[in-house]
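In the working numbering, the protein residues as written are 5 to 233.
Dropping the structure here:
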């Protein structure tokens with residue numbers, strides 16, 4: 005890795021946090037509020053995963069998300085209820101309790117900031133991300149937050165990485181990007197001149213990190229242990 009790294013940028017979903025307890029649980033809970041009960045959370049999560057994997061040219065717009073919700077529910081929701089259901093699901097994912105920040109995130113962000121690294125977010129997301137990061141008390145760690153819906157470009161496009169480098173006032177060659185997608189995060193970052201590491205929280209990863217706790221060490225700094233009495 006480039007030893008002249010001055011800044012670290014992060015993907016958000018799957019890297020810093022995840023839906024909690026799952027996409028399917030949240031979809032099912034909102035559906036139940038609309039009188040559509042007994043939907044299987046695991047099946048909804050699987051359906052959403054299939055729709056997400058099959059998406060093409062996704063622009064992270066409200067209309068794009070509505071289409072994914074419609075595909076996830078397929079024939080299980082009457083068409084006349086879909087708009088109201090989508091509205092409430094969209095709002096639900098604005099809330100902090102719909103997300104779990106991984107346990108290693110805050111200690112690592114704090115260690116990197118204390119060591120003098122600039123920190124940033126580069127995320128394919130929509131207008132809900134900034135307030136969500138505020139609610140989760142994560143915004144305070146970042147010098148730049150770059151969101152695809154605001155930038156007009158989504159990873160792996162070099163333009164979104166270039167925007168982050170400009171806001172961090174750091175040369176691309178001095179920035180390390182960490183994310184969970186080999187295509188969007190690793191390939192995209194490297195094409196833009198960044199260094200890159202892939203995180204795979206399942207543990208199976210030939211490209212870098214099974215979690216963020218190893219990141220400070222990879223950058224040559226110690227991750228402090230909590231003080232004990």
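Every residue, glycine too, gets a C-beta built ideally from N, C-alpha and C.
Going by DSSP, what residue range makes up the beta strand (DSSP E) through residue i?
i: residue 129; result: Careful: residue 129 lies outside any beta strand (DSSP E) and carries neither H nor E.
i: residue 13; result: 11 to 14
i: residue 25; result: Taken as a continuous stretch (DSSP letters only), residue 25 belongs to no beta strand (DSSP E), as it is neither H nor E.
i: residue 161; result: Neither: residue 161 is in no beta strand (DSSP E) and is coded neither H nor E.
i: residue 148; result: 148 to 151
Please identify the residue among the options whose C-alpha is closest to the C-alpha of residue i.
i: residue 104; options: 10, 203, 16, 177; result: 16
i: residue 51; options: 78, 123, 36; result: 78
i: residue 253; options: 36, 108, 121; result: Residue numbering for the chain in the displayed model covers 5 to 233; residue 253 lies beyond these limits and cannot be assessed.
i: residue 137; options: 121, 109, 74; result: 109
i: residue 53; options: 26, 168, 65, 63; result: 26
i: residue 195; options: 40, 206, 159, 66; result: 159
i: residue 188; options: 164, 76, 48, 84; result: 164
i: residue 234; options: 56, 32, 139; result: Given that the chain is displayed from residue 5 to residue 233, the structure contains no residue 234 and the question cannot be resolved.
i: residue 215; options: 106, 65, 47; result: 106
i: residue 43; options: 81, 123, 72, 88; result: 81
i: residue 134; options: 169, 121, 97, 170; result: 97
i: residue 76; options: 61, 95, 56; result: 56
i: residue 70; options: 89, 29, 201; result: 89
i: residue 34; options: 95, 64, 66; result: 95
What first and last residue would you give for the alpha helix (DSSP H) that runs through residue i?
i: residue 180; result: Residue 180 -> not in any alpha helix (DSSP H); beta strand (DSSP E) instead, spanning 179 to 183.
i: residue 112; result: 109 to 118
i: residue 140; result: Looking at the DSSP string, residue 140 is not in any alpha helix (DSSP H), and its letter there is neither H nor E.
i: residue 206; result: Where residue 206 is concerned, there is no enclosing alpha helix (DSSP H), given that its DSSP letter is neither H nor E.
Tell me the DSSP secondary structure of residue i in three-state form.
i: residue 218; result: helix
i: residue 86; result: helix
i: residue 192; result: helix
i: residue 186; result: helix
i: residue 172; result: helix
i: residue 233; result: Only weak support exists for where residue 233 lies, its pLDDT of 39 falling under 50; the value from the coordinates is given anyway. Of the three classes helix, strand and coil, the one that applies to residue 233 here is coil, per DSSP.
i: residue 223; result: coil
i: residue 17; result: strand
i: residue 99; result: coil
**Asked** Is it a yes or a no for the segment 112 to 131 touching the segment 144 to 163, going by three-plus beta-carbon pairs under 8 angstroms?
**Response** yes
**Message:** Which complete alpha helix (DSSP H) runs does the segment 25 to 82 hold, if anything under 4 residues is left out?
**Reply:** 27 to 37, 45 to 58, 66 to 77
**Asked** With contact counted as at least three CB pairs below 8 angstroms, one residue from each stretch, are the segment 15 to 33 and the segment 129 to 143 in contact?
**Response** yes
**Request:** Take every Cβ of the segment 210 to 226, pair it with every Cβ of the segment 176 to 192, and state whether three or more of those distances are shorter than 8 angstroms.
**Result:** yes
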